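In our numbering, the protein residues as written are 72 to 357. Every residue gets a Cβ at the ideal spot worked out from N, C-alpha and C, and that includes glycine. Just so it is clear, the structure is predicted and the values come from calculations on it, not from any experiment. Worksheet: one structure, shown below.
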C-alpha cells in the first residue's frame, strides 16, 4: 500500500487518528510536569487541500469536511472541540483549504515546558515540515528514519509523553517493523504512551499486530494497558481504496475508553460512505 499523505490528508483515517491524538495529549496537559511528543513518520506538517494531489484523492471531502459540518451532542462536542479548533486555526477564512498533519496538531497542544521531536526522511516533506516549524524552539525536525529514531530517542529526558508511530505502509514488511519497533521502544520506556496507526486490509495481519502489541504491553510489572480501535466507513473491496483504519493505544489515559464510547457512535453517520460507518473498540488479548 502506498500511503503518500498528500493524497489522503483530512481523510476519515486522519480524523479518527487525530481525534484520538488530541484526547491523549489533552490528558497529558493535566499534570504540570513537562512531556515530549515523538512523531516517528511526521510528514510535511501542513497539507494544501486545493493541491492537485488533494483534489485527485478528494478524501478530505468525506472526512474532515463532513466533521466540520456535523452536529454533536452536549457530551461529545466538548471532546471533539480541541481538535476542530486546531483545524480551524489553519483555515481562518472559514473555507477549508488546509489540513494540519500530526506534528502540527501536536505542536498546537504543547505548553511552554513541552517539546516535539518530529522525524522525516523524505526530502520534500522534511523541507516543508522545517518551514512549518521554522524558529520554533520547542519543536525539532530530525532527518532520521523513524524505525531508527524509536530506540534512539526513548526514554525522553522528560520521562512523560507520547510516541506516535504512523508509517507509510509502502513496504511489505511494515506490519512486522511496526510490531518490532514498538517492542524495542517499549522495552526501554514501558511507562510512555504509544499511539500506533495501521491500515485495515488484512484481518490476519491486523489481528497478529494487536496480539503482539497487547502481549508486549502485558509483559511488564505492572502490566501496561492496551486499547484497539478500528473504524470502517464502507465494506472493503478488493483492489479498492482504504475503507477501514486502525489504532492501537498503549498506556492510554484511563479516561479514553469512556470518551471514545461517546465520540465514535456520533462519527458513524457523517463519516459513513453509502451508509453508516461502524467501529470496534476493545481491549485486545495477547
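is_contact[residue i, chain D] using C-beta, thresh 8 Å
i          : result
residue 92 : No chain D is part of this structure, which consists of one protein chain only.
First through last residue of the alpha helix (DSSP H) which encompasses residue i
i           : result
residue 97  : 83-99
residue 277 : 274-289
residue 252 : 245-259
residue 78  : 76-79
Residues near residue i by beta carbon distance below 7 Å, same chain, minus five either side
i           : result
residue 199 : 115, 116
residue 281 : 299, 319, 355
residue 347 : 339, 340
residue 243 : none
residue 353 : 299
residue 176 : 89, 92, 93, 157
Spatial neighbours of residue i in its chain, beta-carbon cut-off 6 Å, leaving aside the 5 residues before and after
i           : result
residue 313 : 270
residue 251 : none
residue 180 : 96
residue 110 : 173, 174, 189, 235
residue 321 : 265, 288, 295, 297
residue 88  : 268
residue 254 : 287
residue 262 : none
Nearest-angstrom beta carbon gap, residue j and residue i [assumed within contact, 8 Å]
i           : j           : result
residue 118 : residue 170 : 5 Å
residue 95  : residue 266 : 6 Å
residue 91  : residue 318 : 6 Å
residue 301 : residue 315 : 6 Å
residue 78  : residue 304 : 16 Å between Cβ atoms; not a contact.
residue 112 : residue 238 : 5 Å
Residue i - containing beta strand (DSSP E), residue span
i           : result
residue 336 : Note, residue 336: premise wrong, no beta strand (DSSP E); alpha helix (DSSP H) at 336-342.
residue 189 : 186-190
residue 354 : Neither: residue 354 is in no beta strand (DSSP E) and is coded neither H nor E.
residue 270 : 264-270
residue 110 : 107-110
residue 362 : The first residue shown for the chain is 72 and the last is 357, placing residue 362 beyond what the model contains.
8 Å Cβ shell around residue i - same chain, five flanking residues per side excluded
i           : result
residue 308 : 314
residue 327 : 91, 94, 95, 98, 298, 320
residue 286 : 357
- Using 8 Å as the Cβ pair cut-off and three pairs as the minimum, do the stretch 222-242 and the stretch 93-106 touch? Result yes; three or more Cβ-Cβ pairs closer than 8 Å.
- Go through the stretch 121-181 residue by residue and report every complete run of the alpha helix (DSSP H) that reaches 4 residues or more, in order. Taken in chain order, the unbroken stretches of alpha helix (DSSP H) that lie wholly in the stretch 121-181 and span 4 residues or more are 123-128, 135-140, 148-160, 173-179.
- Task: Output the residue ranges of the alpha helix (DSSP H) runs that lie fully inside the stretch 192-227 and measure 4 residues or longer, sorted by chain position.
- Result: Qualifying alpha helix (DSSP H) stretches, in chain order: 194-203, 217-224.
- How do the stretch 122-131 and the stretch 327-345 stand: do at least 3 beta-carbon pairs fall below 8 Å, yes or no? As far as the Cβ criterion goes, the stretch 122-131 does not touch the stretch 327-345, which means the pair count is below three.
- Message: Taking 8 Å as the cut-off, does the stretch 204-223 touch the stretch 169-189 (at least 3 CB pairs, one atom from each stretch)?
- Response: Contact holds between the stretch 169-189 and the stretch 204-223, because three or more Cβ pairs, one in each stretch, are under 8 Å apart.
- Task: Identify every run of the alpha helix (DSSP H) within the stretch 298-334, keeping only runs that are complete inside it and at least 4 residues long; order them along the chain.
- Result: Segments of the alpha helix (DSSP H) lying fully in the stretch 298-334: 327-334.
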